[in-house]
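Note sheet for the following structure.
Residue numbers (my numbering): 470 to 932.
Spelled out as structure tokens, the structure:
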């Protein structure tokens, strides 16, 4: 039978992984044998273009009690021609762990063994050096690229521009250098630059950059516009953000729900609820409908500003649209109901949460207990506390503090002290804040002698 050489496919990679998983479970395997089989599998995975799996196997090898020197020679000693992609993945894994000395060692060994680093190798390292604030090392790496005749590509500049967010002048200088090298900035390059300018409230160059993009034939996507709007909103320049939205619509760049969410949140932040509603109307006119993130944003802001009716209405829309609210959104509504004194509705809402498959957490119950504390209804507070315990949620100091305050506010000072005594035997339950609350409540009730008795002092020392 005649055989022919062919490229490895994912099916071969999966077989290699299956074999590896079987081998490492065998008894009495030596470390050298485990290392060898992992290296062989990694080479196969890289050639089968299963890079994520290759990264996983390399990470497994880095956890073995062998040095970097041994890892390198193990990869070379498999009778499989080493691929630069394998070492690129290994370099990325080392950078992820912050092992930059090992990175330098591996680069040196690669070159000595005839495995030449590529632009991808250097781009990977540049990205990590910039992320970790190692700008001097990044600069030296660029010089090394030039010395070895490896030309920087668009990805190289994108990495540098994206990581120079705090130094926008340098980022602009880099873009000019990029053009002088005959490279054309793409949407990623401009997007990174615009995002950096927006974050640092440097909006002066934005219009000229947008014009430059149009001249270069680079389209400005809705993500870049959203990033700029977010920066404008955070710096209180809401009118300019709205103007940017109008510009988007004029040049037929379709905004998404995130774009409108940024603007709506910006207006809510400064208390301009009518403007936020206008943006909502504009969103509906474009054919978009709120998603779960926008609904949650609206509920949070409505509750924060005291518009409970609108918050509940938005929650109803959210339910009808098939979106499931998370614990944060539901807890915000529970707090708002309690703040308005609608405690029974808050309890009904907790039951509704359970029916929808979202079990209330300890924070949910703490909110209702705190509501009954404010109204001085100790019986109801303890009733909610019992439900909380039945569902297996652990109370915290905030929970116990709410129960004690509920007893004090309802005039049951003696019962509050009895409950306090019982809590002192539970570790990390009572602190000075709770104790001081008890003393304050006792004094307000007019029982000064009880508050100043030696028993209170004793408990102050113990708890």
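For each residue, glycine too, the CB sits at the ideal point set by N, CA and C.
Mind checking which residues open and close the alpha helix (DSSP H) that includes residue 688? The residue you call residue 688 lines up with position 219 of the chain shown. Per DSSP, residue 688 is not a residue of any alpha helix (DSSP H), being assigned neither H nor E.
Alpha helix (DSSP H) runs contained entirely in the segment 774-829, provided each spans 4 or more residues: Counting whole runs of 4 or more residues, the segment 774-829 contains the alpha helix (DSSP H) stretches 777-789, 796-808, 812-824.
Would the beta-carbon of residue 764 fall within 8 Å of that of residue 792? Residue mapping note: residue 764 aligns to position 295 of the chain shown, counting from 1. Residue mapping note: residue 792 aligns to position 323 of the chain shown, counting from 1. Yes. Within cutoff.
Have a look at residue 862 and residue 484 and give me their C-alpha separation to the nearest angstrom. Position 393 of the chain shown holds residue 862. Position 15 of the chain shown holds residue 484. Taking the straight line from one Cα to the other gives about 46 Å.
Taking the continuous alpha helix (DSSP H) assigned at residue 518, which residues delimit it? For the purposes of this step, residue 518 is identified with residue 49 of the chain shown, where counting begins at 1. DSSP places residue 518 in no alpha helix (DSSP H); its state is neither H nor E.
At the level of alpha carbons, what is the spacing between residue 822 and residue 522? Position 353 of the chain shown, counted from the start, is the residue given in the question as residue 822. Position 53 of the chain shown, counted from the start, is the residue given in the question as residue 522. Cα-Cα distance, rounded: 40 Å.
What did DSSP end up calling residue 923 once you bin it into helix, strand or coil? Here residue 923 is taken as the residue at index 454 of the chain shown, counted from 1. Here residue 923 scores only 43 on pLDDT, less than 50, and its place in the model should not be relied on; the value that follows carries that caveat. Three-state result, residue 923: helix.
Is it the case that the CB of residue 595 approaches a heavy atom of the ligand GTP more closely than 7 Å? Within the structure as shown, the ligand GTP is missing, as the structure has no ligands at all.
Residue 866, enclosing alpha helix (DSSP H) - first and last residue: Against the chain shown, residue 866 aligns to sequence position 397. Residues 866-878.
Residue 849: buried (16+ other C-beta within 10 angstroms of its C-beta) or exposed? As a first step, residue 849 is located in the chain shown; it is residue number 380 there, counting from the start. Buried, since its Cβ has 16 or more Cβ neighbours within 10 Å.
Under the three-state reduction of DSSP, which class applies to residue 480: helix, strand or coil? By one-based count along the chain shown, residue 480 stands at place 11. Here residue 480 sits in helix by DSSP.
Inter-residue CB distance, residue 731 and residue 698 (contact presumed, cutoff 8 Å): As a working mapping, residue 731 is identified with position 262 in the chain shown. As a working mapping, residue 698 is identified with position 229 in the chain shown. Contact annotation, residue 731 with residue 698: C-beta distance approximately 5 Å; criterion of less than 8 Å satisfied.
Sequence ranges, beta strand (DSSP E) only - wholly within the segment 692-758, length at least 3: Those beta strand (DSSP E) runs which fall completely within the segment 692-758 and span 3+ residues do not exist here.
Along the chain, where does the alpha helix (DSSP H) containing residue 605 start, and where does it finish? For the purposes of this step, residue 605 is taken as the residue at position 136 of the chain shown. 604-616 is the span of the alpha helix (DSSP H), which, as asked, contains residue 605.
Taking the alpha-carbon positions, what's the residue 515 to residue 570 distance? To locate residue 515, count along the chain shown from 1; it is residue 46. To locate residue 570, count along the chain shown from 1; it is residue 101. The alpha-carbon atoms of residue 515 and residue 570 are separated by roughly 25 Å.
Could you give the first and the last residue of the continuous alpha helix (DSSP H) run that contains residue 849? Translated into positions along the chain shown, residue 849 becomes position 380. Boundaries of the alpha helix (DSSP H) around residue 849: 847-859.
Go ahead and pull the three-state DSSP assignment for residue 885. In the chain shown, residue 885 corresponds to position 416, counting from 1. Helix.
Rounded to the nearest angstrom, what separates residue 601 and residue 812 at their Cα positions? For the purposes of this step, residue 601 is taken as the residue at position 132 of the chain shown. For the purposes of this step, residue 812 is taken as the residue at position 343 of the chain shown. Looking at the two C-alpha atoms, the distance is approximately 50 Å.
Can you check which of these residues, 610, 616, 804, is closest to residue 819 by C-alpha distance? Within the chain shown, numbered from 1, the residue matching residue 819 stands at position 350. Considering only alpha carbons, the answer is 804.
Alpha carbon to alpha carbon, how far is residue 544 from residue 505? Within the chain shown, the letter at position 75 stands for residue 544. Within the chain shown, the letter at position 36 stands for residue 505. The C-alpha of residue 505 is placed about 8 Å away from the C-alpha of residue 544.
Alpha carbon to alpha carbon, what distance is there between residue 907 and residue 894? As a position in the chain shown, residue 894 is number 425, starting the count at 1. As a position in the chain shown, residue 907 is number 438, starting the count at 1. Distance from the CA of residue 894 to the CA of residue 907, rounded to the nearest whole angstrom, comes to 17 Å.
Inter-residue spacing [alpha-carbon to alpha-carbon] between residue 659 and residue 682: One-based indexing of the chain shown puts residue 659 at position 190. One-based indexing of the chain shown puts residue 682 at position 213. In this structure, the alpha-carbon of residue 659 lies about 8 Å from that of residue 682.
Rounded straight-line distance, which links the Cα of residue 882 to that of residue 890: Locating residue 890 in the chain shown gives position 421, counting from the first residue. Locating residue 882 in the chain shown gives position 413, counting from the first residue. Spanning the two alpha carbons is a distance of roughly 12 Å.
Roughly how many whole angstroms lie between the Cα atoms of residue 880 and residue 858? In the chain shown, the residue the question calls residue 880 occupies position 411. In the chain shown, the residue the question calls residue 858 occupies position 389. So the alpha carbons of these two residues sit roughly 25 Å apart.
Proximity winner among 696, 563, 766, relative to residue 537 (alpha-carbon distances): As a first step, residue 537 is located in the chain shown; it is residue number 68 there, counting from the start. When each option's Cα is compared against that of residue 537, the closest is 563.
Which runs of the alpha helix (DSSP H) spanning at least 4 residues fall entirely within the segment 486-535, listed in chain order? Runs of the alpha helix (DSSP H) inside the segment 486-535: 500-516, 520-531.
Hey, out of 866, 826, 870, whose CA is closest to residue 843's CA? Locating residue 843 in the chain shown gives position 374, counting from the first residue. Checked all of 866, 826, 870; the closest Cα to residue 843 is 870.
Hey, would you say residue 866 sits closer than 8 Å to residue 903, going by beta carbons? The count along the chain shown starts at 1 and reaches residue 866 at position 397. The count along the chain shown starts at 1 and reaches residue 903 at position 434. In this structure, the beta-carbon distance from residue 866 to residue 903 falls below 8 Å.
Determine the extent of the alpha helix (DSSP H) in which residue 580 is found, giving its start and end residues. Counting from 1 along the chain shown, the entry for residue 580 is found at position 111. Counting along the chain, residue 580 sits inside the alpha helix (DSSP H) bounded by residues 569-581.
Might you give, ordered along the chain, the residues of its own chain that have their beta carbon closer than 6 Å to the beta carbon of residue 875, omitting 5 neighbours on each side? Working through the chain shown from its first residue, we reach residue 875 at position 406. Excluding residues within five positions, the ones whose Cβ falls inside 6 Å are 841, 842, 847, 850.
What would DSSP say about residue 585, mapped onto helix, strand or coil? The sequence position of residue 585 within the chain shown is 116, counting from 1. Correct three-state label for residue 585: coil.
I believe residue 769 touches residue 801 by the beta-carbon criterion, under 8 Å. Please report the beta-carbon distance rounded to the nearest angstrom. Sequence index remark: in the chain shown, residue 769 carries index 300 (1-based). Sequence index remark: in the chain shown, residue 801 carries index 332 (1-based). About 5 Å; that satisfies the 8 Å criterion.
Taking the C-alpha atoms as reference points, what is the distance between residue 489 and residue 551? For this step, residue 489 is matched to residue 20 along the chain shown. For this step, residue 551 is matched to residue 82 along the chain shown. So the alpha carbons of these two residues sit roughly 19 Å apart.
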